[in-house]
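Residue numbers (my numbering), protein chains in the order written: chain A, 203 to 585; chain B, 203 to 585. Built from N, CA and C at the ideal position, the CB exists for glycine as well. This structure is a prediction, so every number in the text was calculated from the model and none was measured. One structure is given here, and the rest of the page talks about it.
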């Protein structure tokens, strides 16, 4: 029997409370650090630009020499320097006159517009000064950020390690994908692939162990054989029936916090910890496993990885009513069509085609009993 | 001078019109095909499940033997088979009675509830039948989709090739990142890194050539040396001044469709084609280059890669007014803070810190002159 039976929101809070942002860091080449998160404030060692720079193609001049210049009364300068955008404006000059306002007449420059001091000059340090904090700790590095670090001659950057996720598929009926033809009663182990690909999308390093039979001793061994895991995901073996091995193992060698969640689909879910490391037990039915991955594993991994966990959502009008069970949080798959969300009302957590035909899902909170046709809902798009 | 001067929306339409979805395909292992796009309809060779399967832990029975069974008047069966979830229900049976409704009494099963035919049985083909179209051509493969293909014993999948993008940085002042300390007037070539990382995020294979000096002959050579490119991005050398090499080269050896766009920042932009392949010339200023990448390169690459190009957006209230130039499409960088969007009103397309401090940007359409403080706008989040 389920030892605990938690509301989905409570279960998530319990899990998140047990998952700490990793403190482990690593140093990477800046060009390899896309989507990684800074583990320290980063300050600039240099100024950017590192010199007074022409912001236009034109001529470097002394601004005082341009006083009063206008088309009807141009000034004629013999102290000037032709420059192209980006070139250094030497100290002897303090402005750049653009091509449209200047005309070379032999050795003399005719200018027809005044230029105030530093006109068309990007000044040394205008963008960044030495000591400026460029990124705070906890900043996800995006392509322009890596460009900035490169411009500042910061070639290596310290970032948080990605969480190591170890996925343990359990079940005597499972066969590795494509390993051999199935006999009746067997199934390919596909949930591990799905969990691994999502964990990687969500900022983790993920690896899968061999399939573990329904055996408490072997499940315990598989958990203990992976002490470097920041999170362990056990798939299968969480139903209330005979196969309820993984939660029993957790209770025995660690702690079992949550066992059974009011989530539809995804009820046979358990959370615990072994040696302080979170262990998540997912149901073996793929639709239920996916529901748990999105609702629990995603925010947990994002937290451990110091990443924002907001979901990609689009608003859409419901084409039909969505019923749901009161007291249960429900994830209802929907297909988007002409701006409307069409619920895919196939029940059965084993019907994977209800996912592959869906563009995303609608979350029905525990306190509601569904949504009416025509209501505007937020659709979470499958990543 | 700019030969053409296009509105941003028109320029995008012209570019998209010249970019065709790639017809080139490749075959990948299913597990490696995440985020790739199917190039054919995929039909199932098998049924799923491939046999009648127990949907519950319990006992396989003949439904007719359960007729009338209730707690006060149980039926006693001697023809039954204990099964666990997922196991085959042999042909001799047509229903599964769950544990709660059954009690083993020696060799006899006492059951206390009727089971109609196929109760608690996932029937052969209930999820997928042989010949079912699982994915239409043009479907982006997500982790559960790869799980489905694996379940259907489809181990290789044919997908569209990723577009090959070749990035040619131009400019005599540029130095490879970290290659050596800069002299005054020099800058590290950082736009190529930014363009490469974004092109990869957006579904392309991207590579950068060596930095090409400001020389028409060498730029022409660099373009012609990459005949396998599906798109060429030339960075720098698109200002109206002396350095306007790339567009001249395009006009000479191919076609120049757009030269100058009413986009802020990002005006000195050019689009053309050489031997039918699109060539995009981006300004050398990083903020302007980024603006062009998002507005033009992203939808063009997504189209070539058969991917949806919708932008990740969140609504936010403007903390301050955004002014913009009428007739120009503007990308205004904003930082999100407490649900409000704070515009970063630093002008200067060279000020990269205006990007690195931003969470995203607001698009001001050409026909507007900005947004008022307090208006709700859509913020496009930097990927």
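Practice item. Would you give the residue range spanned by the beta strand (DSSP E) that residue 247 (chain A) belongs to? Key: As a working note, residue 247 (chain A) is residue 45 in the first chain. Here residue 247 (chain A) belongs to no beta strand (DSSP E), and DSSP marks it neither H nor E.
Practice item. With DSSP collapsed to three states, give me the class of residue 326 (chain B). Key: Position 124 of the second chain holds residue 326 (chain B). Three-state DSSP puts residue 326 (chain B) in coil, outside helix and strand.
Point to revise | Residues of the region 290-324 of chain A with Cβ closer than 7 Å to any Cβ of chain B, in chain order | key: 290, 301 and 324
Review point. Should residue 428 (chain B) be flagged as near chain A, meaning a C-beta pair shorter than 9 Å?
Key: Along the second chain, one-based indexing puts residue 428 (chain B) at 226. Residue 428 (chain B) does not count as touching chain A.
Practice item. Spell out whether any CB of chain A is found under 9 Å from the CB atom of residue 215 (chain B). Key: Within the second chain, numbered from 1, the residue matching residue 215 (chain B) stands at position 13. So no, residue 215 (chain B) is outside the interface.
Practice item. Could you please give me the residues that DSSP links to residue 433 (chain B) through a beta bridge? Key: Position 231 of the second chain, counted from the start, is the residue given in the question as residue 433 (chain B). BP columns for residue 433 (chain B) point to B:367.
Practice item. Quick one: which residues of the region 341-360 of chain B get their C-beta closer than 8 Å to a C-beta of chain A? List them in chain order. Key: 344, 345, 346, 347, 348, 349, 350, 352, 353, 355 and 357
**Study point:** Residues that residue 288 (chain B) contacts on chain A, provided the C-beta gap is smaller than 8 Å
**Key:** Start at 1 with the first residue of the second chain, and residue 288 (chain B) comes out as number 86. The contacting residues are 373, 375, 387, 389 and 486.
Review point. Just the Cα atoms here: how many angstroms apart are residue 586 (chain A) and residue 344 (chain A)?
Key: Residue 586 (chain A) cannot be examined here, being either before or after the span of chain A that is shown, 203 to 585.
Exercise for review: Assuming residue 260 (chain A) and residue 298 (chain A) form a contact by the criterion Cβ under 8 Å, report the distance between their Cβ atoms to the nearest whole angstrom.
Suggested key: On the first chain, residue 260 (chain A) is found 58 positions in, with the first residue counted as 1. On the first chain, residue 298 (chain A) is found 96 positions in, with the first residue counted as 1. At roughly 5 Å, the Cβ-Cβ gap stays under 8 Å, so residue 260 (chain A) and residue 298 (chain A) are in contact.
Review point. Under a Cβ-count criterion, where at least 16 other Cβ atoms within 10 Å of its own Cβ denotes burial, should residue 383 (chain A) be classed as buried or exposed?
Key: As a working note, residue 383 (chain A) is residue 181 in the first chain. Its Cβ having fewer than 16 others within 10 Å, residue 383 (chain A) is exposed.
Exercise for review: Whole angstroms is fine: what's the gap from residue 267 (chain A)'s alpha carbon to residue 364 (chain A)'s?
Suggested key: In the first chain, counting from the first residue as 1, residue 267 (chain A) sits at position 65. In the first chain, counting from the first residue as 1, residue 364 (chain A) sits at position 162. Whole-angstrom Cα-Cα distance: 59 Å.
Check your understanding: With respect to the beta strand (DSSP E) encompassing residue 556 (chain B), which residues constitute its N-terminal and C-terminal limits?
Key -> Reading the second chain from its first residue, position 354 is the one you call residue 556 (chain B). Where residue 556 (chain B) is concerned, there is no enclosing beta strand (DSSP E), although the alpha helix (DSSP H) it sits in stretches over 555-558.
Point to revise | Presumed contact (8 Å Cβ cut-off) between residue 231 (chain B) and residue 352 (chain B), rounded CB distance | key: Working through the second chain from its first residue, we reach residue 231 (chain B) at position 29. Working through the second chain from its first residue, we reach residue 352 (chain B) at position 150. In fact, because the Cβ distance is near 10 Å, the residues do not count as touching under 8 Å.
Practice item. Pick helix, strand or coil for residue 331 (chain A), following the three-state DSSP scheme. Key: Your numbering for residue 331 (chain A) matches position 129 in the first chain. Correct three-state label for residue 331 (chain A): coil.
Check your understanding: So is residue 396 (chain B) buried or exposed if we call it buried at 16+ other beta carbons inside 10 Å?
Key -> In the second chain, counting from the first residue as 1, residue 396 (chain B) sits at position 194. With 16 or more Cβ atoms within 10 Å of its Cβ, residue 396 (chain B) is classed as buried.
Review point. Comparing alpha-carbon positions, which option in B:541, B:511, B:327 and B:560 lies nearest residue 576 (chain B)?
Key: Counted from its first residue, the second chain places residue 576 (chain B) at position 374. Cα-wise, what sits closest to residue 576 (chain B) is B:541.
Exercise for review: May I ask you to list, following chain order, the residues of the region 415-427 of chain A that have a beta carbon less than 7 Å from some beta carbon of chain B?
Suggested key: none
Check your understanding: Using a C-beta cutoff of 9 Å, does residue 380 (chain B) count as contacting chain A?
Key -> Translated into the one-based positions of the second chain, residue 380 (chain B) becomes position 178. So, interface residue.
Practice item. Assign residue 422 (chain B) to buried or exposed, taking buried as 16 or more other Cβ atoms, counted over all protein chains shown, within 10 Å of its Cβ. Key: The residue labelled residue 422 (chain B) in the question sits at position 220 within the second chain. By the neighbour-count rule (16 or more Cβ atoms within 10 Å), residue 422 (chain B) is buried.
Review point. Can you pull the DSSP bridge partners for residue 487 (chain B)?
Key: Mapped onto the second chain, residue 487 (chain B) falls at position 285. None; residue 487 (chain B) has no bridge partner.
Exercise for review: Anything in the region 227-253 of chain B with a Cβ closer than 7 Å to a Cβ of chain A? List those residues in chain order, please.
Suggested key: 233, 236, 252 and 253
Point to revise | Of the listed residues B:393, B:510 and B:477, nearest to residue 585 (chain A) (C-alpha basis) | key: The residue labelled residue 585 (chain A) in the question sits at position 383 within the first chain. Of B:393, B:510 and B:477, the residue nearest in Cα terms is B:510.
Exercise for review: Measure the beta-carbon distance from residue 388 (chain A) to residue 375 (chain A) and round it to whole angstroms, keeping in mind my assumption that it falls under 8 Å.
Suggested key: For this step, residue 388 (chain A) is matched to residue 186 along the first chain. For this step, residue 375 (chain A) is matched to residue 173 along the first chain. Contact holds; Cβ gap of about 5 Å.
Review point. With respect to the beta strand (DSSP E) encompassing residue 515 (chain B), which residues constitute its N-terminal and C-terminal limits?
Key: In the second chain, the residue the question calls residue 515 (chain B) occupies position 313. Looking at the DSSP string, the run of the beta strand (DSSP E) that includes residue 515 (chain B) is 515-520.
Point to revise | Partners in chain A for residue 467 (chain B), counting only beta-carbon separations shorter than 9 Å | key: As a working note, residue 467 (chain B) is residue 265 in the second chain. Per Cβ cutoff of 9 Å: no residues; residue 467 (chain B) is ~13 Å from chain A at best.
Check your understanding: Of all the options A:371, A:390, A:221 and A:373, which has the alpha carbon lying nearest to the alpha carbon of residue 380 (chain A)?
Key -> Counting from 1 along the first chain, the entry for residue 380 (chain A) is found at position 178. That would be A:390, whose Cα lies nearest to the Cα of residue 380 (chain A).
**Study point:** Where residue 451 (chain B) meets chain A, residues with beta-carbon distance less than 9 Å
**Key:** Along the second chain, one-based indexing puts residue 451 (chain B) at 249. Correct list: empty, because the minimum Cβ distance to chain A is about 18 Å.
Practice item. Return the bridge partner residues of residue 305 (chain A) from the DSSP annotation. Key: Against the first chain, residue 305 (chain A) aligns to sequence position 103. Answer by DSSP bridge pairing, in chain order: A:312.
Exercise for review: Below 7 Å CB to CB, which residues in the same chain sit around residue 403 (chain B) once its five sequence neighbours on both sides are set aside?
Suggested key: Residue numbering aside, residue 403 (chain B) sits at position 201 when the second chain is read from its first letter. Cβ neighbours of residue 403 (chain B) beyond the five flanking positions: 585.
Check your understanding: DSSP on residue 424 (chain B), reduced to helix/strand/coil?
Key -> Against the second chain, residue 424 (chain B) aligns to sequence position 222. Residue state, collapsed to three classes: helix.
Check your understanding: For residue 550 (chain B) versus residue 544 (chain A), is the C-beta distance shorter than 9 Å?
Key -> Residue mapping note: residue 550 (chain B) aligns to position 348 of the second chain, counting from 1. Residue mapping note: residue 544 (chain A) aligns to position 342 of the first chain, counting from 1. No. Outside cutoff.
**Study point:** Near-chain B residues of the region 537-564 of chain A - C-beta to any C-beta below 8 Å
**Key:** 550, 552, 553, 554, 555, 557 and 558
Point to revise | Proximity to residue 368 (chain B) [Cα-Cα], best of B:249, B:433, B:339 and B:305 | key: Counting from one through the second chain, the residue named residue 368 (chain B) turns up at place 166. Of the candidates B:249, B:433, B:339 and B:305, the one whose C-alpha sits nearest the C-alpha of residue 368 (chain B) is B:433.
Review point. By DSSP, does residue 413 (chain B) sit in helix, in strand, or in coil?
Key: Working through the second chain from its first residue, we reach residue 413 (chain B) at position 211. Of the three classes helix, strand and coil, the one that applies to residue 413 (chain B) here is coil, per DSSP.
Practice item. Pick out whichever of A:350, A:448, A:424 and A:494 has its Cα sitting closest to the Cα of residue 393 (chain B). Key: Here residue 393 (chain B) refers to the residue found at position 191 when the second chain is read from its first residue. Selected option, being the one with the closest Cα: A:350.
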